[in-house]
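One structure is given here, and the rest of the page talks about it.
Protein chains: 2
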Amino acid sequence: MKPLRNVPENVLLPAGFSFAAITAGIKASGKPDLALVEASEGTVGAVLFTTNRVVAAPVEVGRTALRAARGRVRAVIVNSGNANCATGKPGMAGCQQVCRETAKLLDVPATEVFPSSTGIIGVPFPADKICASLSKLINARLATETAVRSFAGAIMTTDTRAKIVSSRFRVAGNEVTVLGIAKGAGMIHPQMATMLVYLFTDVRATTSDLRTALRSAADESFNCMSIDGDTSTNDTALLLASGASGATLKDGSTRKKFFAALTTVCQSLAEQIISDGEGVQHVIRLKVEQARSRKEALTVARTIAHSALVKTAWAGADPNWGRVLAAVGRSGIAVDPTRVQIFIGDQQVCRNGCAWKFDEQRAHQSLAEPACDIRVTLGRGRESIDFLTTDLTAEYVHINADYST
Amino acid sequence: MKPLRNVPENVLLPAGFSFAAITAGIKASGKPDLALVEASEGTVGAVLFTTNRVVAAPVEVGRTALRAARGRVRAVIVNSGNANCATGKPGMAGCQQVCRETAKLLDVPATEVFPSSTGIIGVPFPADKICASLSKLINARLATETAVRSFAGAIMTTDTRAKIVSSRFRVAGNEVTVLGIAKGAGMIHPQMATMLVYLFTDVRATTSDLRTALRSAADESFNCMSIDGDTSTNDTALLLASGASGATLKDGSTRKKFFAALTTVCQSLAEQIISDGEGVQHVIRLKVEQARSRKEALTVARTIAHSALVKTAWAGADPNWGRVLAAVGRSGIAVDPTRVQIFIGDQQVCRNGCAWKFDEQRAHQSLAEPACDIRVTLGRGRESIDFLTTDLTAEYVHINADYST
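Going line by line, the protein sequences match chains A and B. Just so we're aligned, residue 0 is where the first sequence starts under numbering that gives the first Met the number 0, counting upward by one. Just so we're aligned, residue 0 is where the second sequence starts under numbering that gives the first Met the number 0, counting upward by one.
Here it is as structure tokens:
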């Protein structure tokens, strides 16, 4: 389905980064499948990885390298078409080989090359094929909008659109840019829902500041969304700061504006990912209010968003508040049902846990829109959460069932 | 789909119970929708209710009544077509009115009438309509197989088959019978997956013994199954013992045989419910082994069984072990992926967390069977669990989406 809101056409480039992508022959389709970012000297980064205990080789290699390099990053090398997961020791060795070769060609330490992979799992990782393409890839790198778009295209798997957004602000005579590129949670044929997010900025920052900023922005975006509740083995969000703008996060005003810009960029990427989810017909902007804590609100939102009964009702644009109420009831929170209110679009549909007269046709129409607001108030406290989720359609089942390994 | 194993055709009746069912006009279809059990004097019961915080009126009324009557039960009154949930004070009053009227007509205390409702939620409860049919219902009661089948039919909603099973054993010259009747977790149009289970026996028992027996049998059956992970507001399992057989649970041998018979009956009902789930094409007998505790095994089994990605792969008979491994990884248990083994049918498909050569066609065929065994070993301990679950089909989505309130 279409994006929730219009994403600006133009791509703003932060200083200090160049991009490239080529076809290395990993994808059977012959589409671009190998992508590179080179970052200028002094660039530091922070990363968030999947919480899944089963992780792909690049997650382990990237985590170790970033620690060893104390956050310094000079390059990011991403392949699509092969997740390098459940590939054992050869997979680890292959990932390290690709990082070493990239580092040699760029003349940087191997620990400062950050790897990502996305695609099929359990298939041997084609390290030699990738290494054979590295020179050509590196020679293609450019600091242009076209190069950014190539990078975004080459990391796609079942995504139908590239996901890019940028934001720029002025502070004390400097211009700071934040650029975000992602691939989505459309399930990769055949196995995984992998989200890869790369965030680039030219603000000057410590790794500690970047970690705080990334965690905060992710909590307001990627951690508040769900298509099917499954967590990938490869999920990665990487934030890199070149420092080339001259502005620094040590300055309070810069810090505030940067946090806001980063959050906006992440929220736009989250929306782009959700609206491009597999078989998605309706995006639901779920708001859970009056919880005792944000964690409690998140628990309730996730229980609603992961209910097959609720999601299939949404697929049919059915204003079936009973399923939502039942999901609230089994969320593990000590909710008093007689204090629960549920709203669909602009109407209340459940009052104090009971049926409430509403215009069913209007509620149906709200749910039939590409995006619909659903609000649940718990009557327990003052915390709330905005959560992005989707319906569960027969097409999702077809996409994920009608594949045979 | 067909039942997993053949259920004996004949129904064995425990002494002390009579059954009846009629059409009271609650269901729009005009099918039977009101059912009664009368139990002889001295009958005691134990009950397990839904853990959902949102509960229907009969759950509250039944819980209170059973406590007030110290476990004594003389009648069970069940209606289908209306769940009496989210119906507020009028729903509570209506449920109490039905119990009072039933009690009056049977000349028993109102607290000894146990109510259940299943069907649509948020619709006013038709207490007057039910009360107007009670005399006719009560006059129809009989201790016959035909009456049992009528009862089982009248509590159905989207079930395609009645669910009945019985078991009999001899002990010290006495014959003890256990009869189980259930309605399934097929989603009720439009809202709920309600499981109602009624178990009848003529063994003599205290309420405390019955609670222990019911909890134990449920843990080995209903608590180890899942169609879509949603918990109803009305789920109820009631066990009644008339004592009419002369055998008593105070006797160790009777106790042992009774626990075994009750567990077998519950497991058969669980299988009948699962195989009659909405849109179910494949039942999966999931075994999680080598966990540190049964609870840990259950957590892993539930995470696998609730994964939309895993369930859609099963719908396509796709031996996609990567999705199973990823579900294990996000279950919250500190699993070491390199110790995980996965088996589909008679073959190992993942070894030490990595791809493992197997006959894909044979694995596909195993999954294409009405029931398939999948085994996951965690390499952490000695506990295991057998868990019944299903695939997630496009038909499930259609059934649950293509309804509009």
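Yeah, the Cβ is synthetic: ideal placement off N, Cα and C, and Gly gets one too. Remember, it's a predicted structure, so these values are computed and weren't measured experimentally.
What's the call for residue i, buried or exposed, on a 16-neighbour Cβ count within 10 Å?
| i | result |
| --- | --- |
| proline 31 of chain A | buried |
| alanine 400 of chain A | buried |
| threonine 159 of chain B | exposed |
| leucine 285 of chain A | buried |
| lysine 88 of chain A | exposed |
| glutamine 95 of chain B | buried |
| glycine 251 of chain A | exposed |
| alanine 367 of chain A | exposed |
| glutamine 190 of chain B | Confidence at glutamine 190 of chain B is low in this model, with a pLDDT of 40, below 50, so the placement of that residue should be treated as unreliable; the coordinate-derived value is given next. Glutamine 190 of chain B should be labelled buried. |
| asparagine 9 of chain A | exposed |
| methionine 331 of chain B | The sequence shown places glycine at residue 331 of chain B, not methionine. That one is exposed. |
| glutamine 360 of chain B | exposed |
| aspartate 127 of chain B | exposed |
| threonine 176 of chain B | buried |
| serine 166 of chain A | buried |
Please name the residue or residues paired with residue i in a DSSP beta bridge.
| i | result |
| --- | --- |
| leucine 198 of chain B | B:Gly179 and B:Leu238 |
| valine 43 of chain B | B:Arg71 and B:Ala240 |
| leucine 33 of chain B | B:Ile21 and B:Asn78 |
| arginine 62 of chain B | DSSP, once it has assigned bridges, lists no residue as partnering arginine 62 of chain B. |
| glutamine 266 of chain A | Answer is none; glutamine 266 of chain A lacks a bridge partner. |
| threonine 247 of chain A | A:Arg203 |
| phenylalanine 342 of chain A | A:Gln347 and A:Arg374 |
| phenylalanine 48 of chain B | B:Thr235 |
Assign residue i to one of three DSSP states: helix, strand, or coil.
| i | result |
| --- | --- |
| alanine 14 of chain A | coil |
| glutamine 347 of chain A | strand |
| isoleucine 226 of chain A | coil |
| phenylalanine 357 of chain B | coil |
| alanine 19 of chain B | strand |
| serine 277 of chain A | Looking at the sequence shown, residue 277 of chain A is not serine but glutamate. Three-state result, glutamate 277 of chain A: coil. |
| cysteine 84 of chain A | coil |
| serine 231 of chain A | coil |
| glutamate 174 of chain A | strand |
| alanine 316 of chain A | coil |
| lysine 55 of chain B | First, the amino acid is wrong: residue 55 of chain B is alanine here, not lysine. Residue state, collapsed to three classes: coil. |
| alanine 38 of chain A | strand |
Would you report the Cα separation of residue i and residue j, rounded to the nearest angstrom?
| i | j | result |
| --- | --- | --- |
| isoleucine 137 of chain A | lysine 310 of chain A | 44 Å |
| asparagine 83 of chain B | valine 77 of chain B | 11 Å |
| alanine 171 of chain B | arginine 66 of chain B | 33 Å |
| valine 155 of chain B | serine 28 of chain B | The amino acid at residue 155 of chain B is misidentified as valine; the sequence shows methionine. Between methionine 155 of chain B and serine 28 of chain B, the C-alpha separation is close to 12 Å. |
| glycine 315 of chain B | leucine 391 of chain B | 9 Å |
| isoleucine 129 of chain B | glycine 352 of chain B | 58 Å |
| histidine 281 of chain B | isoleucine 272 of chain B | 13 Å |
| alanine 102 of chain A | alanine 139 of chain A | 16 Å |
| lysine 249 of chain B | glycine 242 of chain B | 12 Å |
| serine 220 of chain B | threonine 117 of chain B | 21 Å |
| threonine 200 of chain B | glycine 41 of chain B | 13 Å |
| isoleucine 163 of chain B | tryptophan 355 of chain A | 38 Å |
| arginine 214 of chain A | proline 57 of chain B | 46 Å |
| arginine 99 of chain B | threonine 50 of chain A | 54 Å |
| aspartate 317 of chain A | isoleucine 283 of chain A | 13 Å |
| valine 348 of chain B | glycine 378 of chain B | 16 Å |
| serine 134 of chain A | histidine 363 of chain B | 42 Å |
| glutamine 266 of chain A | cysteine 223 of chain A | 9 Å |
| alanine 290 of chain B | glycine 380 of chain B | 5 Å |
| serine 17 of chain A | valine 60 of chain A | 23 Å |
For the alpha helix (DSSP H) containing residue i, list its first residue and its last residue.
| i | result |
| --- | --- |
| asparagine 399 of chain A | 393 to 400 |
| isoleucine 119 of chain A | Per DSSP, isoleucine 119 of chain A belongs to no alpha helix (DSSP H); it is in the beta strand (DSSP E), 112 to 119. |
| arginine 167 of chain B | Premise fails: arginine 167 of chain B lies in the beta strand (DSSP E), 162 to 170, not in any alpha helix (DSSP H). |
| glutamate 295 of chain A | 293 to 305 |
| threonine 145 of chain B | 144 to 153 |
| alanine 126 of chain B | 126 to 138 |
| valine 218 of chain B | The sequence shown places aspartate at residue 218 of chain B, not valine. First-last of the alpha helix (DSSP H) with aspartate 218 of chain B: 206 to 218. |
| alanine 109 of chain B | Looking at the DSSP string, alanine 109 of chain B is not in any alpha helix (DSSP H), and its letter there is neither H nor E. |
Just curious, the beta strand (DSSP E) that residue i is in, first and last residue?
| i | result |
| --- | --- |
| arginine 284 of chain B | 282 to 290 |
| valine 375 of chain A | 370 to 376 |
| aspartate 385 of chain A | 382 to 389 |
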